[in-house]
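To start, the structure under review is shown below, and the notes come after it.
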Amino acid sequence: MKFTTKDGTEIYYKDWGKGQPIVFHHGWPLSSDDWDAQMMFFSQHGYRVIAHDRRGHGRSTQTATGNDMETYVNDAAELYDYLELKDAIHVGHSTGGGEVIKYVAKYGKGIVSKAVLISAVTPLMLQTEANPDGVPLSVFDEIRQGTAYNRPQYFEDFTIPFYGYNREGAKASEGIRKNWWRQGMMGSVLAHHDGIKAFSETDFTEDLKSVDIPVLVLHGEDDQIVPIDNSAKKAIKLLKNGKLITYPGFPHGMPTTEADTINADILEFIQS
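Just add 72 to the spot in the sequence shown (first one is 1) and you have the working numbering.
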């Protein structure tokens, strides 16, 4: 299905089942397909499951503008207003985690009951004077260069650290790697390039501080994409009502590689 925003952008979304809604926000540079394991699991547990492709990603419009966090969140808000969601649980992975916390802070009062941040970029990835142990700008410039001018090969290589397949004893799944690449290449190279700034330079500190609903923070201790010390361990200190679960050895892409564990912990949180 598709929804058209006020500026004419078509947002592709899935909306399955009935019951309390669980809304999934995907990471860069993927699509709603990255939530297959969660959509199946929670729909079979009696929940209404919803996921959308961010503008410039997947099957949504490849716009030349609006590839920034504020617009991502505003697009989401328009869609969820259209769907008339109430008592929703919002779950975000990586960039989607930032989108979730900013959406909840800006639009979620009275309509969002709980939130889950998985391998999230919050509170701020970029190294700055105020965030000295963040990731240097040069790292994101390298991602920009690879994405803009060598995207097919760069994306294929990116799957290795994303899923921790470069670790001793790891058994790489070619199907998972190809599915990541497929999702990435469906999107716009411009949106993916611009989105790097959105996920790396957006400061979610005040958003985290302002949210008072229960928030579950899940992070792999061997996350090579969004290092845990600069993300989850800082985010949990800013949340008023947060719970942190960390996983030894789990990679950034743990919702896929460790779906059974992640799904069970989210379900317990939702039902608690």
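We put the CB at the ideal spot given by N, CA and C, even for glycine.
Under the 8 Å Cβ criterion, the segment 134-147 does not count as touching the segment 156-166, having fewer than three qualifying pairs.
The Cβ atoms of Q134 and S260 lie closer than 8 Å to each other.
Ranked by Cα distance from G247, the first of G170, D284, R216 and T329 is T329. Annotation for I122: the continuous beta strand (DSSP E) segment containing it runs R120 to H124.
Out of T137, W88 and G138, the CA that lies nearest to the CA of F114 is found in W88. Two segments are said to touch when three or more pairs of C-beta atoms, one from each, lie closer than 8 Å; by this definition the segment 207-226 touches the segment 253-270.
Only residues of its own chain outside the window of five on either side were considered, and among them Q255 have a CB closer than 6 Å to the CB of L102, listed in chain order. In this structure, the alpha-carbon of A242 lies about 22 Å from that of I317. Taking C-alpha positions only, R131 is separated from E150 by approximately 17 Å. The Cβ atoms of H324 and V298 sit closer than 8 Å to each other. Check the Cα spacing between F212 and each of Y226, R223, I268 and A331: the tightest is with I268.
W88 sits in a strand when the DSSP states are folded into three classes. Assigned with DSSP and collapsed to three states, V188 falls in strand. Counting C-beta pairs closer than 8 Å gives fewer than three between the segment 75-92 and the segment 224-240, which falls short of the contact rule. DSSP lists F75 as the beta-bridge partner residues of I83. From the listed residues K306, M326, K309 and L280, the smallest Cα separation to Q296 is found for M326. With 16 or more other Cβ atoms from the protein chains shown falling within 10 Å of its own Cβ, N139 counts as buried.
For V289, DSSP records a beta bridge to L189 and L316.
The DSSP-derived three-state label of H129 is coil. The C-beta distance from R120 to H98 rounds to 18 Å, too long to fall under 8 Å, and the pair is not in contact. Counting only the Cα atoms, F341 lies some 16 Å from D284.
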